[in-house]
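Taking it in order: structure first as structure tokens, then the write-up.
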Amino acid sequence: MICEVDLHIMHRRGTRRCAPEIEQMRNNVRYIETSTDHIGGTIVSQNLKGIKVLDLSRVLAGPYCTMMLGDLGASIIKVERPNTGDDTRGWGPPFDQRGQSAYFLSANRNKFSLAADFRNAEDLALVQSLAAEADIIIENYLPGALARNGLDSDVLMAKNSRLIWCTISGFGPDSQRPGYDFVAQAESGWMAITGEPEGEPMKVGVALVDVLAGKDAAIGILAALAGRDAAERRGDVLPTPDRRVQVTLASSAVAALVNVAQNALVSGAPTRRWGNAHPNLVPYQLFHATDRPLVIAVGNDAQWTQAALALGLDDLAGDAALSTNAGRLTHRELVVGRIAQRVREAPAQQWIDRLDAVGVPCGLVRSVQEALHDVTGSARTGVSPILNGRVRFEPPLLDEHGVTIREKQWSSFDLVPIPE
């Protein structure tokens, strides 16, 4: 399944801001959408309309999960600490014109913000009442922390027999260790296989474990919602254990090792860093043209023949010893060396055009700025200031909706439609 990633301007709904300021934000602030808004080209973003999510999570994995649910139409109330809010509100610069960190903006659109102190009786009662009305609670506190503050999952799930409770932790329900993406990358083996062969272990350039854990949590939640709906169609209540979703950064990271983990299990051999090469495929790596680097990713023997011919390496294309991937692995140094020498003779785009013409996967190594302005090549180019039903509500200021939430029932308010 190929999921498109779109870039759209975020538009604010139902705020107290004046029209000129809103228009300025529309012209200046852009956000990347999650990939769940397109499945096979079909917009599915409102399928969770009417689902209420109480977001008690912080930083990235949990907020990313709830943002995905919000993109799909769910109503999200984000509960934050008074005065400071989510940790990532201060993770800058850069900050936008409202003083919001770019990091916070990346994972918190389509949410209402409520500042609440669980040690305050009135605030605790409010959050408990929201839990009684919620379909889903997502949290990433250390085990026992919420229960000690009056938000025991067993109690709240007993009172609300439809409540799905998702916990995202670093290392599981029996661990008091706090978990961050960097630590999970280190302990899961990711860093051991990332970087140049003779260099130091390296982390991935984005907090990918957090992102994967957020996606794993969303998948688990959707499965629990499906189970709940199926039970209710039978006239039953989904048992409490089936309404719990447990995700850990550690397990998401290890699961994402996929073929690398299976290689280790099958061979028993130590893993190693391959840099920009691939342990199981040749050629499948970065090469340098006269002007910039590109990648060539040959995934099967037919692609290999086409790639060699497109690169003008006819002798390699006809070499029986290289006709299979196993053969090319055996002769990795020869194959990579000849391709590297050839690619250095012309600009990258020339090779891209030749390889594209015969169906060989390849691509330029782009900067982030280039990628943001040409996400899917000819299919969609540029960052367009367009209205989008999935992007309903830009990331909120701290406690921006506190008064509304305290005065009204959750079901009585929603995002105000953008005027035509």
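Numbered per UniProt numbering, the sequence shown spans residues 1 to 420. Just so it is clear, CB atoms sit at the ideal spot from N, CA and C, and this is done for glycine as well.
Per-residue DSSP class, three states only, for residue i
i: R338; result: helix
i: S106; result: coil
i: Y284; result: strand
i: R148; result: helix
i: R392; result: coil
i: D319; result: coil
i: T88; result: helix
i: K159; result: helix
i: E370; result: helix
i: S153; result: helix
i: R272; result: coil
i: E196; result: coil
i: N83; result: coil
i: P385; result: Caution applies to P385, whose pLDDT of 38 falls short of 50 and renders its modelled position unreliable; the model cannot decide the point.
i: R344; result: coil
i: V202; result: For the record, residue 202 in the displayed sequence is Met; it is not Val. Coil, per DSSP.
i: F118; result: coil
i: Q409; result: coil
i: P241; result: helix
i: D181; result: helix
i: G227; result: helix
i: A277; result: coil
i: R354; result: helix
i: Q349; result: helix
i: E187; result: helix
i: T404; result: helix
i: D291; result: coil
i: S252; result: helix
i: R234; result: coil
i: D314; result: helix
i: L212; result: helix
i: G377; result: Low local confidence applies: a pLDDT of 48 at G377 is under 50, so the model's placement there is unreliable, with the coordinate-based value given in what follows. Note: G377 maps to helix in three-state DSSP.
Cβ-Cβ separation, residue j to residue i (assumed contact under 8 Å), whole Å
i: A131; j: G402; result: Incorrect: roughly 17 Å between the Cβ atoms, too far for contact.
i: A224; j: V245; result: 6 Å
i: M67; j: N110; result: 6 Å
i: V365; j: L286; result: 7 Å
i: P94; j: D117; result: That belief does not hold up - the Cβ atoms of P94 and D117 are roughly 30 Å apart, past 8 Å.
i: L309; j: A320; result: Not quite, the Cβ-Cβ distance comes to about 15 Å (not below 8 Å), so this is no contact.
i: S175; j: D216; result: Not confirmed; about 18 Å, so no contact.
i: A348; j: L313; result: Contact flag wrong, Cβ pair sits at about 17 Å.
i: V282; j: L329; result: 5 Å
i: A289; j: W351; result: 6 Å
i: E187; j: G275; result: Their Cβ separation, rounded to whole angstroms, is 22 Å, which puts E187 and G275 out of contact at 8 Å.
Counterpart residues of residue i in DSSP-defined beta bridges
i: F95; result: S101
i: I77; result: L54, F112
i: P361; result: DSSP, once it has assigned bridges, lists no residue as partnering P361.
i: A218; result: A218 is not bridged to any residue.
i: I296; result: Q285, C362
i: Q246; result: T167
Selected residue, minimal CA-CA separation from residue i, among the options
i: C65; options: R366, R98, C166, A145; result: C166
i: P270; options: G189, P241, I77, L142; result: G189
i: W173; options: A250, L72, V155; result: Position check: residue 173 holds Pro in this sequence, whereas Trp was assumed. The option with the nearest alpha carbon to P173 is A250.
i: G92; options: G85, R98, A102; result: A102
i: D210; options: P241, I221, L60; result: L60
i: D236; options: R162, V368, R338, E80; result: R162
i: V258; options: L48, A371, P279, L238; result: P279
i: I405; options: R89, R392, I77; result: I77
i: F104; options: K408, E394, E407; result: E394
i: P178; options: L316, R58, A357, A348; result: R58
i: R128; options: A147, D319, K203, F112; result: Per the sequence shown, residue 128 should be read as Gln rather than Arg. The candidate whose alpha carbon is nearest that of Q128 is A147.
i: Q46; options: K52, A74, P63, G62; result: A74
i: Y284; options: G299, A264, R273; result: G299
i: D86; options: L397, W410, G195; result: L397
i: P201; options: I219, A307, F182; result: F182
i: S412; options: R89, E133, L48; result: E133
i: R273; options: R342, M191, A371; result: M191
i: I164; options: D135, G144, N140, A186; result: D135
i: A256; options: A184, G199, L311; result: A184
i: E407; options: K49, A107, L54, D123; result: D123
Segment limits, alpha helix (DSSP H) that includes residue i
i: E122; result: 121-133
i: S169; result: Careful: S169 lies outside any alpha helix (DSSP H), inside the beta strand (DSSP E) at 164-169.
i: P63; result: 61-71
i: A310; result: 301-310
i: N259; result: 258-267
i: N325; result: 325-330
i: A207; result: Run containing A207: none; DSSP gives neither H nor E here.
Range covered by the beta strand (DSSP E) that runs through residue i
i: E139; result: 136-139
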